[in-house]
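Here the structure comes first, spelled out in structure tokens, and everything after it is commentary.
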Amino acid sequence: MSSIEGEQFSFFHGVERNFEKASRFTNISKGLLEEIKSCNSVLKVKFPVKLGEDIQVIEAFRVQHSHHHSPCKGGVRFSEDVNQDEVMALAALMTYKCAVVDVPFGGAKGGVKINPKNYSVSDLERITRRYTAELYKKNFIGPGIDVPAPDYGTSAREMSWILDTYRSLNPQDINASACVTGKPVTQGGINGRAEATGLGVFYGIREACSYEEDMAKIGLKPGVKGKEVVVQGLGNVGYHAANFLKYAGAKLVGLIEYEGGIYDPEGLDLDKVIEIRNATGSILNVDAPIKEENSTKALEWECDILIPAAKESVIHKENAGRIRAKIIGEAANGPLTPDADDILFEKNIMVIPDTYLNAGGVTVSYFEWLQNLSHIRFGRLEKRFTESRYHEIVSIAEDLSGKSVNEAARKLLRGPAEEDFVYSGLEETMVLAYKEVRDTFHAIEEVRDLRTAAYILAINRIGSSYTEFGIFP
Ligand code: GLU
37 MSSIEGEQFS
47 FFHGVERNFE
57 KASRFTNISK
67 GLLEEIKSCN
77 SVLKVKFPVK
87 LGEDIQVIEA
97 FRVQHSHHHS
107 PCKGGVRFSE
117 DVNQDEVMAL
127 AALMTYKCAV
137 VDVPFGGAKG
147 GVKINPKNYS
157 VSDLERITRR
167 YTAELYKKNF
177 IGPGIDVPAP
187 DYGTSAREMS
197 WILDTYRSLN
207 PQDINASACV
217 TGKPVTQGGI
227 NGRAEATGLG
237 VFYGIREACS
247 YEEDMAKIGL
257 KPGVKGKEVV
267 VQGLGNVGYH
277 AANFLKYAGA
287 KLVGLIEYEG
297 GIYDPEGLDL
307 DKVIEIRNAT
317 GSILNVDAPI
327 KEENSTKALE
337 WECDILIPAA
347 KESVIHKENA
357 GRIRAKIIGE
367 AANGPLTPDA
377 DDILFEKNIM
387 VIPDTYLNAG
397 GVTVSYFEWL
407 QNLSHIRFGR
417 LEKRFTESRY
427 HEIVSIAEDL
437 SGKSVNEAAR
447 KLLRGPAEED
457 FVYSGLEETM
467 VLAYKEVRDT
477 FHAIEEVRDL
487 RTAAYILAIN
497 RIGSSYTEFG
507 IFP
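Structural data, given as structure tokens:
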């Protein structure tokens with residue numbers, strides 16, 4: 037449970053509310069809907085870690101929301117705000133997210149209740165290794181059981197500690213490297229995973245903005261180019277989403293962090309902002325015409341696209357009425373409460389839901405996991421073959437035409453590398469899933485928003501996996 041404006045709020049109940057809103061548009065039986073909705077396993081542990089001269093007891097969780105596919109999948113977050121309700125909600129969102137993008141995993145999530153900023157690197161290593169050992173003891177980690185990944189407060193570094201700990205406990209497991217994703221590239225990680233969630237956010241927003249009639253409904257022209265964007269949270273997801281949008285021609289007018297936000301109608305230089313913040317500790321030290329110390333208030337800045345990319349429930353019934361964006365792209369998990377959804381609907385604000393928009397991370401985690409299990413790098417078998425075929429075709433064309441291709445064109449004649457597969461697989465996933473969500477939205481008249489459409493798509497997909505494979509006894 038967390039508190040919004042003094043009121044107790046259950047994030048998990050919020051996810052259940054969204055599920056129920058959608059489930060009445062499916063033909064799935066009441067019992068099966070109940071099974072899909074419930075959290076299958078909840079692990080809560082308290083373990084001691086020796087930090088300095090004393091020991092500290094750390095509280096941590098791992099929730100496996102759904103076992104309809106194996107393994108379960110989802111990140112591990114390190115945050116002081118971690119609690120069981122939050123981890124359950126995030127695990128449930130993983131289930132629906134994987135289903136929306138057709139990634140065959142059940143949903144899971146982990147949380148360690150610490151503020152990583154208060155610990156040294158070696159303390160963090162000890163905590164992460166001990167957490168992994170706890171997961172292992174309870175059968176909550178393994179390439180075919182449950183596969184963690186980075187999330188808020190964790191990165192490739194923590195994943196490398198998880199892998200090493202798991203491997204030391206399972207020296208015989210030749211698939212051990214698939215026990216965790218988001219690893220450093222040198223340790224079985226995949227090129228493109230670090231920026232995957234942000235890149236997925238970009239592809240998703242680009243798709244949503246590409247339909248002329250949808251944009252006309254909210255008073256916008258199609259395309260990302262020229263759109264004014266505000267991003268809240270410049271961590272891994274927010275930074276890369278902002279960066280890809282900038283390359284596509286969007287204007288970053290507002291950037292928000294814990295300590296406040298800065299706004300410039302002429303556009304902000306993302307890398308310069310990061311540089312100044314890293315050097316001085318605050319975004320407010322950047323020279324900008326408008327500054328706001330209250331980062332929640334900054335969410336109310338006028339823009340075309342607002343991207344909350346930090347934590348859940350930042351837009352709720354108290355502030356939703358003051359939001360002035362035309363589109364909200366949910367890069368974070370659960371940044372809008374169900375009450376906020378209702379208010380934003382009345383204001384004709386388009387919401388691109390988390391269950392679709394931030395699925396890029398887990399999609400590329402899926403590619404990483406597949407690569408680990410197949411023990412071969414994508415592209416290794418075909419890269420040279422494809423490359424020499426391209427060269428042969430071009431030289432035949434050159435002979436026939438008597439002309440030769442220039443150097444710039446010749447650069448295109450290379451075969452696909454790992455990163456090319458990752459980018460193309462992610463783009464295909466996000467483009468196809470957007471079409472499916474949008475088609476679901478249009479197929480049922482009473483469905484008012486894309487979130488409900490995404491849930492319907494997910495619930496139907498999960499429901500059919502139960503009957504198709506006879507998992508349900
Ligand atoms: N933590 C990310 C998410 O919330 C990625 C999960 C994964 O790759 O398993 O989607």
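Taking the working numbering, I'd label the letters of the sequence shown as residues 37 to 509.
We treat Cβ as the ideally placed atom computed from N, Cα and C, and that holds for glycine.
- If only complete runs of 3 or more residues are kept, the segment 289-354 shows the beta strand (DSSP E) at 296-299, 326-328, 339-344, in order along the chain.
- According to the DSSP assignment, leucine 79 belongs to the beta strand (DSSP E) that extends over 77-87.
- Boundaries of the alpha helix (DSSP H) harbouring glycine 240: 232-244, taken from the DSSP string.
- Of the heavy atoms belonging to the ligand GLU, at least one sits nearer than 7 Å to the Cβ of serine 401.
- The alpha-carbon separation between lysine 447 and histidine 427 amounts to approximately 11 Å.
- Setting aside the 5 residues that flank it on each side, glycine 397 is surrounded in the same chain by Ala232, Thr233, each with a C-beta closer than 6 Å to its C-beta; the list follows chain order.
- Residues Val78, Lys80, Phe97 of the same chain have their beta carbon placed closer than 7 Å to that of glutamine 120, with the five preceding and five following residues left out of the count.
- In the assembly as shown, glutamate 243 is a buried residue. Its beta-carbon has 16 or more other beta-carbons within 10 Å.
- When secondary structure is reduced to three states using DSSP, arginine 229 falls in the coil class, being assigned neither helix nor strand.
- Per the Cβ contact rule, the segment 408-419 is not in contact with the segment 183-202 (fewer than 3 Cβ pairs under 8 Å).
- When the five nearest sequence neighbours on each side are left out, the beta carbons in the same chain lying within less than 7 Å of the beta carbon of phenylalanine 47 are those of Ser38, Asp121, Glu122, Ala125, Glu348, Ser349, Gly370, in order along the chain.
- Relative to the Cα of valine 216, the nearest Cα in the group Gly240, Met251, Thr422, Phe176 belongs to Phe176.
- With a cut-off of 8 Å on Cβ pairs, the segment 367-385 is not in contact with the segment 298-310, counting fewer than three such pairs.
- When the alpha-carbon of leucine 171 is set against those of Gly88, Thr488, Gln92, Phe83, the nearest one is in Phe83.
- At a threshold of 7 Å, glycine 274 does not count as near the ligand GLU, since its beta carbon sits no closer than that to any of the ligand's heavy atoms.
- Spatial neighbours of glycine 296 in its own chain (CB-CB distance under 8 Å, excluding positions within 5 residues in sequence) are listed in chain order as Ser318, Ile319, Leu320, Lys327, Glu328, Glu329, Asn330, Ser331, Ala334.
- Between isoleucine 480 and methionine 386 a beta carbon distance of about 18 Å is seen, past the 8 Å cut, so the two are scored as non-contacting.
- Exposure of arginine 360 is indicated by the presence of fewer than 16 other C-beta atoms within 10 angstroms of its C-beta.
- In the structure shown, aspartate 485 falls within a coil segment according to DSSP collapsed to helix, strand and coil.
- Judged by beta-carbon spacing, valine 473 lies within the 8 Å limit of tyrosine 392, meaning their Cβ atoms are closer than that value.
- At a threshold of 7 Å, alanine 324 does not count as near the ligand GLU, since its beta carbon sits no closer than that to any of the ligand's heavy atoms.
- Around the CB of proline 107, 16 or more other CB atoms lie within 10 Å, so the residue is classed as buried.
- In the DSSP assignment, valine 266 falls within the unbroken beta strand (DSSP E) covering 264-268.
- Around the beta carbon of threonine 316, fewer than 16 other beta carbons sit within 10 angstroms, so the residue counts as exposed.
- In the DSSP assignment, valine 458 falls within the unbroken alpha helix (DSSP H) covering 454-479.
- Inclusion of alanine 356 and alanine 324 in the CB contact set at 8 Å is not warranted, their separation being larger than that value.
- In its chain, beyond the 5 residues on either side, Glu423 have a beta carbon closer than 7 Å to the beta carbon of arginine 450.
- Leaving aside the five residues that flank serine 213 on each side, the residues in its chain whose CB is nearer than 6 Å to its CB run, in chain order, Gly224, Asn408.
- Under the three-state reduction of DSSP, proline 374 is assigned to helix.
- DSSP, reduced to helix, strand and coil, places phenylalanine 114 within a strand of the structure shown.
- Between glutamine 208 and glycine 142, the C-beta gap is not smaller than 8 Å, which leaves the two residues out of contact.
- If you ignore the 5 residues before and after leucine 291, its C-beta comes within less than 7 Å of the C-beta of Val267, Leu270, Gly297, Ile298, Leu304, Val309, Ile319, all in its own chain and listed in chain order.
- Threonine 168 has its CB no nearer than 7 Å to any heavy atom of the ligand GLU.
- Glycine 438 counts as exposed, since fewer than 16 other beta carbons sit within 10 angstroms of its beta carbon.
- Here glutamate 366 is not bridged, per DSSP, to any residue.
- Rounded to whole angstroms, the gap between the alpha carbons of arginine 497 and tyrosine 459 is 25 Å.
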